[in-house]
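Student: To convert a position in the sequence shown, counted from 1, into this note's numbering, add 269.
Where a beta carbon is used, it is the ideal one built from N, C-alpha and C, also for glycine.
So that we are looking at the same thing, I have put the structure below in structure tokens.
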Amino acid sequence: MRKKVVIIAEAGVNHNGDLANALALIEAAAEAGADYVKFQTFKAEKLVNRDAQKADYQKKNMQGEEDTQFGMLKKLEMGDHWYPILIEKCVEKGIEFLSSAFDLDSIELLKELNVPFWKIPSGEITNLPYLRKVGQYASDVILSTGMCNMQEIQEAISILTANGVDTERITVLHCNTEYPTPFEHVNLNAMLEIREQLGVRVGYSDHTLGIEVPIAAVALGALVIEKHFTLDRNMEGPDHKASLEPDELKEMTSAIRHIEAALGSRTKAPTASEEKNIIIARKSIHTAKVINAGNVITEQDLIMKRPGDGISPMRMAEIVGKKALYTIPEDHKISLEDIE
270 MRKKVVIIAE AGVNHNGDLA NALALIEAAA EAGADYVKFQ TFKAEKLVNR DAQKADYQKK
330 NMQGEEDTQF GMLKKLEMGD HWYPILIEKC VEKGIEFLSS AFDLDSIELL KELNVPFWKI
390 PSGEITNLPY LRKVGQYASD VILSTGMCNM QEIQEAISIL TANGVDTERI TVLHCNTEYP
450 TPFEHVNLNA MLEIREQLGV RVGYSDHTLG IEVPIAAVAL GALVIEKHFT LDRNMEGPDH
510 KASLEPDELK EMTSAIRHIE AALGSRTKAP TASEEKNIII ARKSIHTAKV INAGNVITEQ
570 DLIMKRPGDG ISPMRMAEIV GKKALYTIPE DHKISLEDIE
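Here you go:
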């Protein structure tokens with residue numbers, strides 16, 4: 270994994286089953302500056318019971334469609350012939366291809382495609398056979414944790430590590446699986462709790478509207494950000510309404526890069542850019558009035574003024590109580606040569 274914040278542009282199923290849309294999503298993600306563009310790999314027959322109902326948000330976003338998840342997902346599958354085309358487009362555009370598997374056969378397919386790491390969706394975190402298989406094949410793993418409690422996350426990590434994944438190669442994404450997620454349900458501080466309790470790298474998978482929360486997550490220490498995006502939020506489909514449009518994805522990526530640059534190190538010291546302003550902004554000891562030769566200098570005789578290239582006000586004790594060697598004019602920047 271890269272040391273910088275990894276930005277995953279989640280195309281998901283926002284291609285609507287159309288290869289041309291998928292290719293356009295890759296171009297948009299690359300233009301926005303994301304590190305990865307991620308799709309979803311599944312066969313509806315392997316993923317969902319034919320009678321399973323859609324989630325409320327899916328029904329709302331696909332009005333007039335059949336009520337089953339199976340019917341919806343069958344239309345959103347990616348054909349096997351898509352993959353070399355998508356990967357070639359990613360290479361052309363300078364972005365890395367990624368996909369999440371949602372069934373065991375899809376894990377095998379992605380293994381053959383040599384995906385750079387495994388992204389485990391929130392819904393698979395309690396899927397023991399799935400976790401075992403990923404563990405056997407895995408190098409780096411990113412684990413989303415929507416709908417989870419801490420025990421479930423720990424159990425999933427234990428399964429992965431028992432099957433061959435080193436803990437230090439696991440990144441856990443805090444997540445809320447509601448589309449869109451209400452801001453009051455984000456609970457971003459849970460990301461910090463995951464890091465502290467489980468000792469793993471952390472990140473955030475966002476389903477809120479807008480870009481504020483993923484930016485805040487980076488400021489709190491997220492090392493991976495995942496965010497859904499679409500070509501057009503008005504398109505028909507389950508996830509479009511909770512996705513960013515291309516210009517918003519670009520804005521989020523830019524903001525994240527600014528925030529990670531601004532985080533810097535833990536060392537508090539003047540930076541190279543501000544050192545030149547120390548003399549301009551700080552103050553030196555000056556005379557507030559004329560001090561006659563031989564007079565003992567009091568604090569009332571002094572005033573602190575810019576620039577700061579003279580004696581620091583923090584050294585007043587070296588000046589107060591000393592005698593003036595000569596008559597010192599008002600508004601004079603005091604030096605040690607002026608006093609006994």
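1. Count the other CB atoms, across all protein chains shown, that sit within 10 Å of the CB of residue 398; report buried if there are 16 or more and exposed otherwise.
2. Considering only C-alpha positions, which residue in the set 562, 513, 289 and 426 is nearest to residue 348?
3. Output the distance between the C-alpha atoms of residue 214 and residue 561, rounded to the nearest integer angstrom.
4. The beta strand (DSSP E) that contains residue 433, what's its start and end?
5. Quick one: what's residue 369 bridged to in DSSP?
6. Measuring CA to CA, which of 411, 350 and 428 is closest to residue 307?
7. Output the boundary residues of the beta strand (DSSP E) element that contains residue 281.
8. Measuring CA to CA, which of 571, 407 and 570 is closest to residue 380?
9. Could you please give the first and the last residue of the uninterrupted beta strand (DSSP E) stretch that includes residue 440?
10. Please state the DSSP three-state secondary structure of residue 610.
11. Label residue 540 either buried or exposed according to how many other C-beta atoms from any shown protein chain fall within 10 Å of its C-beta, with 16 as the threshold for buried.
12. From residue 555 to residue 593, what does the alpha carbon distance come to, in whole angstroms?
13. By how many angstroms is the C-alpha of residue 532 removed from the C-alpha of residue 416?
14. Round the Cβ separation of residue 388 and residue 375 to the nearest angstrom and send it over; I've been treating them as touching at under 8 Å.
15. At the level of alpha carbons, what is the spacing between residue 535 and residue 529?
16. For the alpha helix (DSSP H) that residue 493 lies in, which residues bound it at each end?
17. Can you give the Cα-Cα distance for residue 538 and residue 603, rounded to whole angstroms?
18. Tell me whether the segment 498 to 506 and the segment 441 to 458 touch, counting them as touching only if at least three CB pairs, one residue from each stretch, are closer than 8 Å.
19. Is it true that the CB of residue 311 sits closer than 8 Å to the CB of residue 372?
20. Go through its chain and collect everything with a Cβ distance to residue 336's Cβ below 8 Å, but skip five positions before and after it.
21. Going by the CB atoms, is the gap between residue 303 and residue 294 shorter than 8 Å?
22. Find the nearest neighbour of residue 300 within the set 492, 583, 516 and 414, judged by alpha-carbon distance.
23. Roughly how far, in whole angstroms, is the beta-carbon of residue 342 from the beta-carbon of residue 313, given that I think they are within contact range, below 8 Å?
24. Are the beta-carbon atoms belonging to residue 326 and residue 365 less than 8 Å from one another?
25. Measuring straight from C-alpha to C-alpha, what distance separates residue 605 and residue 569?
26. Expressed to the nearest angstrom, what Euclidean distance is found between the alpha-carbon atoms of residue 572 and residue 564?
Tutor: With the given structure in hand:
1. Exposed, because fewer than 16 other Cβ atoms sit within 10 Å of the Cβ of residue 398.
2. The candidate whose alpha carbon is nearest that of residue 348 is 289.
3. Nothing about residue 214 can be read from this structure; the chain reaches only from 270 to 609.
4. No beta strand (DSSP E) holds residue 433; DSSP gives it neither H nor E.
5. Bridge partners of residue 369 according to DSSP: 309.
6. By alpha-carbon distance to residue 307, the top candidate from 411, 350 and 428 is 411.
7. Secondary structure note for residue 281: its beta strand (DSSP E) is the uninterrupted segment 275 to 281.
8. Considering only alpha carbons, the answer is 407.
9. Element bounds for residue 440: 439 to 444.
10. Given a span of 270 to 609 for the chain in the structure shown, any question on residue 610 remains unanswerable.
11. With fewer than 16 other Cβ atoms within 10 Å, it is exposed.
12. Looking at the backbone, the Cα of residue 555 and that of residue 593 are separated by about 13 Å.
13. So the alpha carbons of these two residues sit roughly 30 Å apart.
14. No, residue 388 and residue 375 are not in contact; Cβ-Cβ is about 12 Å, not under 8 Å.
15. Rounded to whole angstroms, residue 535 to residue 529 spans 13 Å at the Cα level.
16. Not the alpha helix (DSSP H): residue 493 falls in the beta strand (DSSP E), residues 493 to 497.
17. Distance between the alpha carbons of residue 538 and residue 603: 27 Å.
18. Taking one beta carbon from each stretch, the segment 498 to 506 and the segment 441 to 458 have fewer than 3 pairs nearer than 8 Å; the two do not touch.
19. Residue 372 places its beta carbon less than 8 Å from that of residue 311.
20. Once the five neighbours on either side are set aside, the close Cβ partners of residue 336 are 322, 323 and 328.
21. Residue 294 places its beta carbon 8 Å or farther from that of residue 303.
22. Residue 516 is the option with its Cα nearest to residue 300.
23. Right, their Cβ atoms sit about 4 Å apart.
24. Not closer than 8 Å, so no.
25. Taking the straight line from one Cα to the other gives about 18 Å.
26. Approximately 17 Å between the Cα atoms of the pair.
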